[in-house]
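Encoded as structure tokens, the structure appears first; notes follow it.
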Amino acid sequence: MLYDRPYMRQNEPAGNSRFGQRPAYLILLFVTVGIFILQQLLNVLFPGASGRGNGFLTQWFALSGYGFQQFKLWTIWTYGFLHSTQGFFHILGNMLGLFFIGRMIEPVLGKAKFVGLYFSGALLGGLAYLFFHFNDGFPVVGASAAVLALLSFFCLLQPERPITLLLFFVLPVTIKPKWLFWAVLVISALGAIAYELPSMLESGHMTSPVAHSAHLGGMIAGILFYRYIYVGNGLPFLFKQRSSGSAAEPPQWFKSRPKSTQNLNYRVNRDSRQDLQAEVDRILDKINSSGFGALTEAEKSTLERAKDILSK
Numbered sequence: 030m031l032y033d034r035p036y037m038r039q040n041e042p043a044g045n046s047r048f049g050q051r052p053a054y055l056i057l058l059f060v061t062v063g064i065f066i067l068q069q070l071l072n073v074l075f076p077g078a079s080g081r082g083n084g085f086l087t088q089w090f091a092l093s094g095y096g097f098q099q100f101k102l103w104t105i106w107t108y109g110f111l112h113s114t115q116g117f118f119h120i121l122g123n124m125l126g127l128f129f130i131g132r133m134i135e136p137v138l139g140k141a142k143f144v145g146l147y148f149s150g151a152l153l154g155g156l157a158y159l160f161f162h163f164n165d166g167f168p169v170v171g172a173s174a175a176v177l178a179l180l181s182f183f184c185l186l187q188p189e190r191p192i193t194l195l196l197f198f199v200l201p202v203t204i205k206p207k208w209l210f211w212a213v214l215v216i217s218a219l220g221a222i223a224y225e226l227p228s229m230l231e232s233g234h235m236t237s238p239v240a241h242s243a244h245l246g247g248m249i250a251g252i253l254f255y256r257y258i259y260v261g262n263g264l265p266f267l268f269k270q271r272s273s274g275s276a277a278e279p280p281q282w283f284k285s286r287p288k289s290t291q292n293l294n295y296r297v298n299r300d301s302r303q304d305l306q307a308e309v310d311r312i313l314d315k316i317n318s319s320g321f322g323a324l325t326e327a328e329k330s331t332l333e334r335a336k337d338i339l340s341k
């Protein structure tokens, strides 16, 4: 039947799923918070064992140019699970972002692709940091690059959907994601140029406690994931409009105007059962390749109508 296909089934709440599985964003959150608690315990039992000092966890799991030169290649991933222990705002901001953004985009991507996006952000963020700091030993920790990959993806997915942020965790500010995207991207790029590029050229240390380069790498990861994995057009078509009017279509502010203004949408004569079945098959193929969130309202209405007609 139409709704028996696996990609047409509604997502069940995490606690009521068949195997009792939790969403990936919650698993990542629990693991990261658990590691932060471990860092705090080690600080109490063995002062200097974690955080941004030269302790055990930082030495073996934080990312640094010197460490990477010593073939600690795993740190390109593990640094995203450590956070500064000098306060709670670092991990609090990242985990709030992981929770609120993750719960919005994981149902669209699915668990596997969501995890892929998250770790892609950590990877590209780490590589961007190493580009600026390969010849110094200043370590970087934190999930900011991974979370900013999620943010970048969400902003491209829902550019016009207003969201409310707590500025400094106190002041509520409502903004459209497209403006947030550009603001974070510009700040990250300017920060990397102003603070990290001079230290790279002079072989000095960071003059800012913020790893802007890692943030920039995370943003780029979100853009690439959206274009290559979710939309599937790739960078050569970054500014080319797709013929589909689906939610996966690049936002207007993210592309140039198409050369042709011809309306490529079409209607199918649904008076015959055969035409309706053909249209349903086309829509199901679209769901299988792009996900349910890629459907237009008209396509969703067609499926609802087909559910009643074809089942008779």
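To convert, take the position in the sequence shown, counting from 1, and add 29; that gives the numbering used here. Where a beta carbon is used, it is the ideal one built from N, C-alpha and C, also for glycine. Note that the structure is predicted; figures quoted are calculated from it, not measured.
*Got a sec, what are the start and stop residues for the beta strand (DSSP E) residue 193 sits in?*
192-196 is the span of the beta strand (DSSP E), which, as asked, contains residue 193.
*asked:* Using DSSP's beta-bridge definition, name the partner residues of residue 200.
replied: Partner residues in the beta bridge of residue 200, as assigned by DSSP, are 196.
*Taking Cβ positions, are residue 173 and residue 250 nearer each other than 7 Å?*
No, these two residues do not count as a Cβ contact at 7 Å.
*Taking the alpha-carbon positions, what's the residue 131 to residue 308 distance?*
Straight-line Cα distance between these residues: approximately 32 Å.
_Let's test the definition: count the other Cβ atoms within 10 Å of the Cβ of residue 272 and tell me whether it reaches 16, buried, or not, exposed._
Unreliable positioning characterises residue 272 in this predicted model, as indicated by a pLDDT of 38, which lies under 50. The coordinate reading is nonetheless provided below. By the 10 Å Cβ count, residue 272 comes out exposed.
*asked:* Less than 7 Å between the beta carbons of residue 97 and residue 159, yes or no?
replied: In this structure, residue 97 lies near residue 159, with their beta-carbon atoms less than 7 Å apart.
*Out of curiosity, what's the CA-to-CA distance linking residue 153 and residue 106?*
Distance between the alpha carbons of residue 153 and residue 106: 10 Å.
*Should residue 141 go down as buried or exposed, given a rule of 16 or more other Cβ atoms within 10 Å for buried?*
By the 10 Å Cβ count, residue 141 comes out exposed.
*Endpoints, alpha helix (DSSP H) assigned at residue 103*: It is not in any alpha helix (DSSP H) - residue 103 carries neither H nor E in the DSSP assignment.
*asked:* I need the boundaries of the alpha helix (DSSP H) containing residue 207, first residue and last residue.
replied: For residue 207, the enclosing alpha helix (DSSP H) stretches over residues 206-220.
*Name, in chain order, the residues that DSSP records as bridge partners for residue 92.*
Answer is 169.
*May I ask you to report which of helix, strand or coil DSSP gives residue 116?*
In the structure shown, residue 116 falls within a coil segment according to DSSP collapsed to helix, strand and coil.
*So what's residue 87 in DSSP terms, helix, strand or just coil?*
In the structure shown, residue 87 sits in a helix (DSSP, three-state: H, G or I).
_Here's the rule: buried if 16 or more other CB atoms are within 10 angstroms of the residue's CB, otherwise exposed. What is residue 223?_
Residue burial is scored here from C-beta neighbours: residue 223 has fewer than 16 other C-beta atoms within 10 angstroms and is therefore classed as exposed.
*Between the C-alpha atoms of residue 74 and residue 91, what's the straight-line distance to the nearest angstrom?*
Those two C-alpha atoms are separated by around 20 Å.
_Between the CA atoms of residue 138 and residue 259 - distance to the nearest angstrom_ = C-alpha separation (whole angstroms): 8 Å.
*Are the segment 178-186 and the segment 235-244 touching, with three or more C-beta to C-beta distances below 8 Å?*
Not touching, per the Cβ criterion.
*asked:* Using the Cβ count rule (16 or more neighbours within 10 Å means buried), how would you classify residue 190?
replied: Exposed is the call here.
_Could you check whether residue 110 and residue 64 sit closer than 7 Å to each other, using their CB atoms as the reference points?_
Yes, the pair counts as a contact, with Cβ atoms nearer than the cut-off.
*Whole angstroms is fine: what's the gap from residue 164's alpha carbon to residue 230's?*
One C-alpha to the other measures close to 10 Å.
*If you draw a straight line from the C-alpha of residue 324 to the C-alpha of residue 335, how long is it?*
Near 15 Å, if we compare the C-alpha coordinates of residue 335 and residue 324.
*residue 147 to residue 58, Cα distance in whole Å?*
Roughly 12 Å between the two C-alpha positions.
*With a 10 Å radius around its C-beta and 16 neighbouring C-beta atoms as the bar for buried, classify residue 196 as buried or exposed.*
It counts as exposed.
*How is residue 189 classed by DSSP in three states: helix, strand or coil?*
Correct three-state label for residue 189: coil.
*Going straight from the alpha carbon of residue 204 to that of residue 218, what length do you get?*
Cα to Cα, residue 204 sits roughly 21 Å from residue 218.
_Candidates 326, 330, 192, 209, of which the one nearest residue 133 by Cα_ = Taking each of 326, 330, 192, 209 in turn and checking the Cα distance to residue 133, the smallest one comes out for 192.
*If you compare alpha carbons, which of 238, 211, 87, 136 is closest to residue 52?*
Closest in alpha carbon position to residue 52, among 238, 211, 87, 136, is 136.
*In three-state terms, what does DSSP make of residue 164?*
Reduced to three states, the DSSP call for residue 164 is coil.
*Residue from 184, 210, 171 whose Cα sits closest to the Cα of residue 238*: With distances taken between Cα atoms, residue 238 lies closest to 171.
*What do you get for residue 298, buried or exposed, if any count of 16 or more other CB atoms within 10 angstroms of its CB means buried?*
With a pLDDT of 47 at residue 298, under the threshold of 50, the modelled position of that residue is not reliable, and no figure is offered here.
_Can you tell me whether residue 53 sits near the ligand GDP, meaning its C-beta is under 6 Å from at least one heavy atom of the ligand?_
Among the ligands in the structure shown, none appear at all, so the ligand GDP cannot be discussed.
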